[in-house]
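Note sheet for the following structure.
Chains as they are written, first to last, in the numbering used here: chain A, 5 to 116; chain B, -4 to 111.
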């Protein structure tokens, strides 16, 4: 059973456009939802994270939108740049244990 | 600042051979993790350790064993390697729970393992 479902698998966006990646989760006990960014040959690194007590969090060009009732959250990258080309993972975890469960990832390519 | 260090970076094994992947962190983190990354499958949790002396199974533990040697080190052992274990393995650490809120997980650079 896949606990965190991520879509799309790959995404191509023009420079300056908005990139949107979606995730859905099953377990309502999850209470921490991070997004990680991974460049080729590197380990993932935290990009931005949200807790379910807020519906949106913005850091620079990156925004997480969170819909608790739908059990969905999404990453929006505004004014997408070629340097944003990477693989993005959504994830979920809960305070009562330390498991961090990842989605399958989205390979994002920004056209120059 | 080394962060999370994994060794080796690359390894080729023959089917049936054994090996141990090493991981060490210098951030005084409580929690440590082993993930495998396969094309189209994302990052799948193999084992994790919430604190020194404790380990728990993740999503895909079969064929692996782990040891939390001390707070700094968390090793992953393949007793009898199989071609299905060909993957990129990542170790990660985080400050952990223990009543505190979740914090950022820091990843190593990965070990690319090929089993032939």
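Note that beta-carbon positions come from the ideal geometry of N, C-alpha and C, so glycine has one too.
{"Item": "Quick one: Cα of residue 68 of chain B to Cα of residue 7 of chain A, how far?", "Value": "28 angstroms"}
{"Item": "Do you know how far the Cα of residue 108 of chain B is from the Cα of residue 11 of chain B?", "Value": "14 angstroms"}
{"Item": "Given this structure, state the Cα-to-Cα distance separating residue 71 of chain A from residue 9 of chain A, to the nearest angstrom.", "Value": "15 angstroms"}
{"Item": "Shorter than 8 angstroms from the beta carbon of residue 124 of chain B to some beta carbon of chain A?", "Value": "Any property of residue 124 of chain B remains undetermined from this structure, which presents chain B solely from -4 to 111."}
{"Item": "Rounded to a whole number of angstroms, what is the C-alpha to C-alpha distance between residue 56 of chain B and residue 103 of chain B?", "Value": "20 angstroms"}
{"Item": "Does residue 110 of chain B pass the burial test, meaning 16 or more other C-beta atoms within 10 Å, or should it be called exposed?", "Value": "buried"}
{"Item": "In the DSSP assignment, what are the bridge partners of residue 27 of chain B?", "Value": "B:44 and B:88"}
{"Item": "So does the segment 75 to 86 of chain A actually touch the segment 73 to 82 of chain B, counting three or more Cβ pairs closer than 8 angstroms?", "Value": "no"}
{"Item": "Check residue 6 of chain B in the structure and name its three-state DSSP category.", "Value": "strand"}
{"Item": "Can you have a look at residue 102 of chain A and say buried or exposed, based on whether 16 or more other CB atoms are within 10 angstroms of its CB?", "Value": "buried"}
{"Item": "Once the 5 residues before and after residue 94 of chain B are set aside, which same chain residues still bring their CB inside 8 angstroms of it?", "Value": "Note that residue 94 of chain B scores 49 on pLDDT, short of 50, meaning its location in the model is unreliable; the coordinates nonetheless yield the value given after this. None."}
{"Item": "What residues are listed by DSSP as bridge partners for residue 54 of chain A?", "Value": "A:37"}
{"Item": "For the beta strand (DSSP E) that contains residue 26 of chain A, what are its first and last residues?", "Value": "23 to 29"}
{"Item": "Spatial neighbours of residue 29 of chain A within its chain, please: C-beta separation below 7 angstroms, excluding the five flanking residues on both sides.", "Value": "7, 8, 75 and 96"}
{"Item": "Using a Cβ-Cβ cutoff of less than 6 angstroms, which residues in the same chain neighbour residue 18 of chain A once the five nearest sequence positions on both sides are dropped?", "Value": "115"}
{"Item": "For residue 87 of chain A, name the three-state secondary structure that DSSP assigns.", "Value": "helix"}
{"Item": "Can you find a CB in chain A that lies within less than 8 angstroms of the CB of residue 28 of chain B?", "Value": "yes"}
{"Item": "Hey, does residue 103 of chain A have any beta-carbon neighbour from chain B nearer than 8 angstroms?", "Value": "yes"}
{"Item": "With burial defined as no fewer than 16 other Cβ atoms inside 10 Å of the residue's Cβ, what is the status of residue 4 of chain B: buried or exposed?", "Value": "exposed"}
{"Item": "Can a CB atom of chain A be found closer than 8 angstroms to the CB of residue 103 of chain B?", "Value": "yes"}
{"Item": "I'd like the list of long-range same chain contacts for residue 23 of chain B, defined as Cβ closer than 8 angstroms, with 5 residues on each side in sequence excluded.", "Value": "66"}
{"Item": "In this structure, does DSSP put residue 80 of chain B in helix, strand or coil?", "Value": "helix"}
{"Item": "Which first and last residues belong to the beta strand (DSSP E) in which residue 13 of chain A is found?", "Value": "No beta strand (DSSP E) contains residue 13 of chain A, which DSSP labels as neither H nor E."}
{"Item": "With distance defined between alpha-carbon atoms, name the residue in A:22, A:26 and A:20 nearest to residue 92 of chain A.", "Value": "A:26"}
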